[in-house]
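If you use my numbering, the sequence shown corresponds to residues 6 to 79, in order.
Don't be surprised by glycine CBs; every beta carbon is placed ideally from N, CA and C.
Here the structure is a predicted model, which means the values were calculated and not measured.
Below is one structure, written out as structure tokens; the observations come after it.
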Amino acid sequence: MARPAGTRPTQTVNGKAFEYALLLEFYERLNKITSVSITENEPYHNAKGCFDGFVEKEQDTFRITASAAINFGS
């Protein structure tokens, strides 16, 4: 679900991409201490598609922000 070059993502696209980044960060942390799995259902694919629509630098920003959000709550 890549967006056309030069267009700005919507709030929904940003939110879904951030949800996916949170999922990745939670998975990485939990997988170290317990058995976890990700159900690749329609909401998962929607969020992943939004995340994948961003360039790597933007994806990194989502991941760093998600990690900070998780650390803040710890």
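- Arg-68 is positioned such that its CB atom lies closer than 8 Å to that of Ala-26.
- The beta carbon of Asp-65 sits closer than 6 Å to none of the beta carbons in its chain outside the five residues before and after it.
- Burial state of Ala-52 is buried, judged by a 10 Å Cβ sphere holding 16 or more other Cβ atoms.
- Collapsing the DSSP output to three states places Lys-37 in coil.
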